[in-house]
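Inspection log for the structure reproduced underneath, given as structure tokens.
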Amino acid sequence: VLAWPVTGKCIITLTTDFGLRDAYVACMKGVILGIKPDATLVDVSHQVAPQGIDEASYLLESIWPYFPSDTIHLAVVDPGVGTTRKAIAVTAPHGRFVGPDNGLFAAVLRRQGAIDPKSGRLVAATAVELANPRYRLPNPSSTFHGRDIFAPAAAHLAAGVPLSELGPSLSDLLLSPASEPHIADGVIHGRVRHIDRFGNAITDISGDALSGAPRIQAGNAVIEGLSRDFQEREISALVGSTGYLELAVRNGNAAETLHLGPGDEVIVRSVQ
Amino acid sequence: VLAWPVTGKCIITLTTDFGLRDAYVACMKGVILGIKPDATLVDVSHQVAPQGIDEASYLLESIWPYFPSDTIHLAVVDPGVGTTRKAIAVTAPHGRFVGPDNGLFAAVLRRQGAIDPKSGRLVAATAVELANPRYRLPNPSSTFHGRDIFAPAAAHLAAGVPLSELGPSLSDLLLSPASEPHIADGVIHGRVRHIDRFGNAITDISGDALSGAPRIQAGNAVIEGLSRDFQEREISALVGSTGYLELAVRNGNAAETLHLGPGDEVIVRSVQ
Amino acid sequence: VLAWPVTGKCIITLTTDFGLRDAYVACMKGVILGIKPDATLVDVSHQVAPQGIDEASYLLESIWPYFPSDTIHLAVVDPGVGTTRKAIAVTAPHGRFVGPDNGLFAAVLRRQGAIDPKSGRLVAATAVELANPRYRLPNPSSTFHGRDIFAPAAAHLAAGVPLSELGPSLSDLLLSPASEPHIADGVIHGRVRHIDRFGNAITDISGDALSGAPRIQAGNAVIEGLSRDFQEREISALVGSTGYLELAVRNGNAAETLHLGPGDEVIVRSVQ
Numbered sequence: 004v005l006a007w008p009v010t011g012k013c014i015i016t017l018t019t020d021f022g023l024r025d026a027y028v029a030c031m032k033g034v035i036l037g038i039k040p041d042a043t044l045v046d047v048s049h050q051v052a053p054q055g056i057d058e059a060s061y062l063l064e065s066i067w068p069y070f071p072s073d074t075i076h077l078a079v080v081d082p083g084v085g086t087t088r089k090a091i092a093v094t095a096p097h098g099r100f101v102g103p104d105n106g107l108f109a110a111v112l113r114r115q116g117a118i119d120p121k122s123g124r125l126v127a128a129t130a131v132e133l134a135n136p137r138y139r140l141p142n143p144s145s146t147f148h149g150r151d152i153f154a155p156a157a158a159h160l161a162a163g164v165p166l167s168e169l170g171p172s173l174s175d176l177l178l179s180p181a182s183e184p185h186i187a188d189g190v191i192h193g194r195v196r197h198i199d200r201f202g203n204a205i206t207d208i209s210g211d212a213l214s215g216a217p218r219i220q221a222g223n224a225v226i227e228g229l230s231r232d233f234q235e236r237e238i239s240a241l242v243g244s245t246g247y248l249e250l251a252v253r254n255g256n257a258a259e260t261l262h263l264g265p266g267d268e269v270i271v272r273s274v275q
Numbered sequence: 004v005l006a007w008p009v010t011g012k013c014i015i016t017l018t019t020d021f022g023l024r025d026a027y028v029a030c031m032k033g034v035i036l037g038i039k040p041d042a043t044l045v046d047v048s049h050q051v052a053p054q055g056i057d058e059a060s061y062l063l064e065s066i067w068p069y070f071p072s073d074t075i076h077l078a079v080v081d082p083g084v085g086t087t088r089k090a091i092a093v094t095a096p097h098g099r100f101v102g103p104d105n106g107l108f109a110a111v112l113r114r115q116g117a118i119d120p121k122s123g124r125l126v127a128a129t130a131v132e133l134a135n136p137r138y139r140l141p142n143p144s145s146t147f148h149g150r151d152i153f154a155p156a157a158a159h160l161a162a163g164v165p166l167s168e169l170g171p172s173l174s175d176l177l178l179s180p181a182s183e184p185h186i187a188d189g190v191i192h193g194r195v196r197h198i199d200r201f202g203n204a205i206t207d208i209s210g211d212a213l214s215g216a217p218r219i220q221a222g223n224a225v226i227e228g229l230s231r232d233f234q235e236r237e238i239s240a241l242v243g244s245t246g247y248l249e250l251a252v253r254n255g256n257a258a259e260t261l262h263l264g265p266g267d268e269v270i271v272r273s274v275q
Numbered sequence: 004v005l006a007w008p009v010t011g012k013c014i015i016t017l018t019t020d021f022g023l024r025d026a027y028v029a030c031m032k033g034v035i036l037g038i039k040p041d042a043t044l045v046d047v048s049h050q051v052a053p054q055g056i057d058e059a060s061y062l063l064e065s066i067w068p069y070f071p072s073d074t075i076h077l078a079v080v081d082p083g084v085g086t087t088r089k090a091i092a093v094t095a096p097h098g099r100f101v102g103p104d105n106g107l108f109a110a111v112l113r114r115q116g117a118i119d120p121k122s123g124r125l126v127a128a129t130a131v132e133l134a135n136p137r138y139r140l141p142n143p144s145s146t147f148h149g150r151d152i153f154a155p156a157a158a159h160l161a162a163g164v165p166l167s168e169l170g171p172s173l174s175d176l177l178l179s180p181a182s183e184p185h186i187a188d189g190v191i192h193g194r195v196r197h198i199d200r201f202g203n204a205i206t207d208i209s210g211d212a213l214s215g216a217p218r219i220q221a222g223n224a225v226i227e228g229l230s231r232d233f234q235e236r237e238i239s240a241l242v243g244s245t246g247y248l249e250l251a252v253r254n255g256n257a258a259e260t261l262h263l264g265p266g267d268e269v270i271v272r273s274v275q
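Protein chains in written order, with this note's numbering: chain A, 4 to 275; chain B, 4 to 275; chain C, 4 to 275.
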């Protein structure tokens with residue numbers, strides 16, 4: 004985590020599965036700028052696969068260390084919109100999060116140590132349900148809470164409304180199961196978590212768990228030892244820019260070459 | 004329409020068919036920021052299908068209520084660039100509009116009551132032709148008026164230049180035919196107007212026109228009654244977030260499942 | 004080049020091959036805004052083909068005249084990340100450029116007269132290697148210099164750090180060969196440089212090199228004379244908005260119709 008100062012000039016990031024062809028994202032931005040005209044808006048991604056909660060939670064986990072601590076991360080991947088799933092806002096050690104209570108923020112809160120691993124309860128974060136009608140648009144729709152509930156909440160937070168004003172506090176959030184590798188007899192069984200634009204396959208195996216010269220089995224390849232960069236070898240295993248083991252092919256596409264997709268197993272053995 | 008205050012900090016939205024791979028949109032933004040450095044730029048969509056005037060006019064109709072009244076909506080879907088079609092700017096009750104005179108703004112002006120339904124003339128809006136060379140780039144090209152004519156006009160408006168300075172006033176605009184359902188014997192014959200990223204099929208039938216428990220015939224499906232949200236039923240008909248009837252499939256793609264595309268007929272019968 | 008004033012409010016443009024689905028661009032923006040919270044960020048394109056240095060250099064060449072002179076153009080298309088290729092910043096007559104030393108900026112520097120055609124050395128520009136660790140993130144990764152080296156350098160420049168503070172000066176840059184047409188006996192042999200979203204094929208033949216009523220041979224077509232706009236003829240050759248000869252098909256796709264792609268030859272003969 005970078006020691007960013009609190010900036011005063013509030014940043015709101017946006018992560019959705021709304022795509023870039025429709026005007027859904029622009030509606031949210033109009034609502035935010037109507038409430039907080041000098042907010043700085045940063046798009047994280049709107050190309051998350053429809054209903055891709057895991058993908059969005061990975062993106063949020065990879066960006067938060069690079070934004071100031073008072074940044075508001077607004078995320079809307081919301082298959083349950085209009086049902087009983089809660090709308091929430093969370094103040095964490097590093098950043099504030101606004102969106103549906105469907106597991107979107109579980110990975111980032113775990114990474115920040117804000118969830119007790121035993122009880123599964125929030126320990127270093129405060130959450131509320133967005134229930135106060137004063138901070139929603141009038142007559143919110145049942146199908147577009149991004150515009151009618153989440154965008155106004157994020158903008159009001161950015162404008163200085165205290166979290167507690169937005170609704171009653173929550174001590175439990177819906178936490179999706181963590182994507183965590185299984186370790187037994189020194190062998191790590193992990194999974195591909197994300198394929199990026201270059202075809203790099205990013206796993207859930209932290210670089211910290213690797214030692215010596217590991218032998219990595221991924222898709223149809225066995226890779227001996229770690230590379231430092233993408234050019235060193237034809238097929239590389241390396242600790243990528245978010246701290247996780249990833250597989251890459253020099254000037255090529257590892258997912259295609261190695262036949263790897265999200266969820267596929269990656270096995271790491273330490274070699275003596 | 005939200006009661007947004009006039010903000011002082013001027014927003015310019017951009018809607019084009021320029022795509023995101025080329026640098027056309029960035030050129031427009033450079034021109035705007037050179038003239039009005041503190042403008043707030045919001046992308047609506049640049050993924051409008053090439054020459055997709057209807058699609059862009061739908062997007063504009065869906066966003067304007069969510070932006071402050073002094074927002075400038077710059078839209079460039081311009082198959083006639085370089086020909087005799089006029090370049091225009093319009094001040095409407097809610098928002099200002101800059102772009103080619105090819106019907107792009109007809110839907111939004113109708114929705115705001117700015118066009119007399121009988122005469123087809125502007126009644127609550129003021130339009131000018133962008134003819135004053137002082138507010139264009141020098142030597143405008145014949146192929147990129149977005150950069151050379153529309154972006155400078157929007158920026159100068161944002162910087163406080165009065166509309167009347169930009170050119171002579173116009174009383175008639177080119178108005179594309181409205182996409183309006185036909186109603187006879189209590190049966191509504193409408194059309195699909197837009198397929199969004201989720202495959203939801205949005206029609207031109209206003210939620211206000213629906214009553215009781217309608218029976219909706221769309222593509223290969225007949226749907227009885229309206230849903231409140233996307234999760235209630237497998238195949239839903241509901242009044243969507245822009246106020247129009249839309250067809251959706253739970254965690255699926257209605258356009259594919261029901262075989263629906265833009266222009267396809269949707270029939271609504273009231274059931275007693 | 005427009006006579007833009009130096010604005011005071013610093014613009015940073017971003018051109019990458021990172022795509023819009025991943026969060027790489029957002030990480031860079033978070034880093035920039037942490038260092039220079041009031042920077043104005045403008046996306047040029049993130050859809051450059053992976054490792055598409057030529058494509059990115061074309062985009063940079065087409066935008067710089069439309070941005071104020073103090074704009075910082077941050078470009079990251081970086082197949083050699085982590086290897087010995089240098090990280091650089093360049094102050095040119097019109098704009099500042101930050102990115103890898105792999106030829107990305109050669110076209111724009113040539114166009115600005117900043118490279119001596121004989122010696123290939125910088126004559127009207129100052130370049131440095133980004134070697135000062137003070138202006139990088141701590142512990143930069145070997146795989147994401149966009150976030151760890153280039154974004155901080157651009158932000159610190161925007162915040163007023165002098166170029167010379169960033170590292171030692173460089174007199175030679177890696178210059179990719181210019182894409183320049185060959186002229187012999189009055190016949191110009193050029194190449195397609197870019198296919199845009201509309202299918203227009205933009206060549207490397209400057210409009211200044213054309214005279215009279217040229218006969219243009221491109222793909223499977225021979226076109227007699229130049230058009231002024233896209234609507235004048237079914238198949239048009241015209242001097243496009245960036246000053247180069249381009250081929251277009253009215254309301255259609257020239258690349259598909261004429262079977263043209265990047266690198267394909269285009270021949271121009273003057274007709275008496």
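Beta carbons: idealized from backbone N, C-alpha and C, even for Gly.
Quick caveat, the model's predicted, so the values are computed rather than measured.
**Item:** Beta-carbon separation (whole angstroms), Glu-64/A vs His-197/A, contact threshold 8 Å
**Value:** Not confirmed; about 10 Å, so no contact.
**Message:** Residues of chain B with CB closer than 9 Å to the CB of Leu-23/A, please, in chain order.
**Reply:** Leu-23, Asp-46, Ser-48, His-49, Gln-50 and Arg-200
**Prompt:** With burial defined as no fewer than 16 other Cβ atoms inside 10 Å of the residue's Cβ, what is the status of Asn-105/C: buried or exposed?
**Reply:** buried
**Request:** Could you tell me whether the stretch 225-241 of chain B touches the stretch 161-174 of chain B, where touching means 3 or more Cβ pairs closer than 8 Å?
**Result:** no
**CA nearest to the CA of Val-93/B, picked from Arg-124/B, Ile-219/B and Leu-250/B** = Nearest of Arg-124/B, Ile-219/B and Leu-250/B to Val-93/B, Cα basis: Arg-124/B.
**Request:** Check whether the Cβ atoms of Leu-107/B and Ile-35/B lie closer than 8 Å to each other.
**Result:** Cβ distance not < 8 Å, so Leu-107/B and Ile-35/B don't count as in contact.
**Request:** Answer yes or no: does any C-beta atom of chain B fall closer than 8 Å to that of Asp-41/A?
**Result:** yes
**Request:** With distances taken Cα to Cα, identify the nearest neighbour of Glu-183/C among Ile-15/C, Val-28/C and Glu-268/C.
**Result:** Glu-268/C
**Message:** Do Leu-77/A and Val-101/A count as a contact pair if the criterion is CB distance below 8 Å?
**Reply:** A contact, by the Cβ cut-off of 8 Å.
**Asked** Cα separation between Pro-103/B and Pro-143/B?
**Response** Going by the C-alpha atoms only, they are around 15 Å apart.
**alpha helix (DSSP H) runs contained entirely in the stretch 176-213 of chain B, provided each spans 4 or more residues** = none
**Request:** Identify the contact partners of Thr-94/B in chain C, using a Cβ-Cβ distance below 7 Å as the criterion.
**Result:** The premise fails here: Thr-94/B is roughly 26 Å from chain C at the closest Cβ pair, so nothing lies under 7 Å.
**Request:** Check whether the Cβ atoms of Cys-30/B and Tyr-69/C lie closer than 8 Å to each other.
**Result:** yes
**Prompt:** Does Ile-14/B get closer than 8 Å to chain A when you measure Cβ to Cβ?
**Reply:** yes
**Asked** In chain A, which residues lie less than 9 Å from Gln-54/B when you measure between Cβ atoms?
**Response** Simply none; closest approach about 15 Å.
**Prompt:** How about His-262/C and Gly-202/C: do their beta carbons lie closer than 8 Å?
**Reply:** no
**Asked** Considering only C-alpha positions, which residue in the set Ala-95/B, Gly-83/B and Pro-155/B is nearest to Asn-135/B?
**Response** The shortest CA-to-CA distance from Asn-135/B to any of Ala-95/B, Gly-83/B and Pro-155/B is the one to Pro-155/B.
**Message:** Assuming His-49/B and Val-80/B are in contact, meaning their beta carbons sit under 8 Å apart, how far apart are those beta carbons, in whole angstroms?
**Reply:** His-49/B to Val-80/B, Cβ: 10 Å. No contact.
**Asked** When you compare only the Cα positions, how much space is there between Pro-96/C and Ala-90/C?
**Response** When rounded, the separation of the alpha-carbon atoms in Pro-96/C and Ala-90/C is 20 Å.
**Message:** Taking CB distances under 8 Å as the criterion, tell me whether Ser-145/A reaches chain B.
**Reply:** yes
**Asked** If the cut is a Cβ gap below 7 Å, which residues of chain B does Val-34/A touch?
**Response** Tyr-69
**Message:** Does Thr-43/C pass the burial test, meaning 16 or more other C-beta atoms within 10 Å, or should it be called exposed?
**Reply:** buried
**Request:** Return yes when the Cβ of Leu-250/A is within less than 8 Å of the Cβ of Ala-212/A, no when it is not.
**Result:** no
**Asked** Considering only residues of the same chain and omitting the five flanking positions on each side of Pro-217/C, which have a CB-CB separation below 6 Å?
**Response** Val-271 and Ser-273
**Message:** Please list the terminal residues of the continuous alpha helix (DSSP H) segment that includes Pro-53/A.
**Reply:** First-last for Pro-53/A: undefined, no H or E at that position.
**Asked** Residues bridged to Ala-78/C by DSSP?
**Response** Thr-18/C
**Item:** Presumed contact (8 Å Cβ cut-off) between Ala-128/C and Ile-38/C, rounded CB distance
**Value:** Between Ile-38/C and Ala-128/C the Cβ distance is about 24 Å, and since that is not below 8 Å, they are no contact.
**Item:** Glu-237/A to Tyr-247/A span [Cα, whole Å]
**Value:** 20 Å
**Request:** For Arg-137/B, count neighbouring C-beta atoms within 10 Å of its own C-beta (all shown protein chains included) and say buried if the count is 16 or more, exposed if not.
**Result:** exposed
**Asked** Whose C-beta lies closer than 6 Å to the C-beta of His-185/B among residues of the same chain, with five residues either side of it excluded?
**Response** The residues are His-192.
**Prompt:** At least one CB of chain A closer than 8 Å to the CB of Arg-137/C: is that the case?
**Reply:** no
**Asked** How big is the Cα-Cα spacing for Ser-214/A and Leu-177/C?
**Response** For Ser-214/A and Leu-177/C, the distance between alpha carbons rounds to 38 Å.
**Request:** Pick helix, strand or coil for Arg-99/B, following the three-state DSSP scheme.
**Result:** strand
**Request:** Can you check DSSP and say which residues form a bridge with Glu-129/B?
**Result:** What sits at residue 129/B in the sequence shown is Thr, not Glu. According to DSSP, Thr-129/B bridges with Thr-94/B.
**Asked** Can you tell me whether Val-225/A is buried or exposed, with buried defined as 16 or more other CB within 10 angstroms of its CB?
**Response** Result: exposed.
**Request:** Can you pull the chain B residues whose beta carbon is under 7 Å from the beta carbon of Phe-233/C, in chain order?
**Result:** Val-84, Gly-85 and Thr-146
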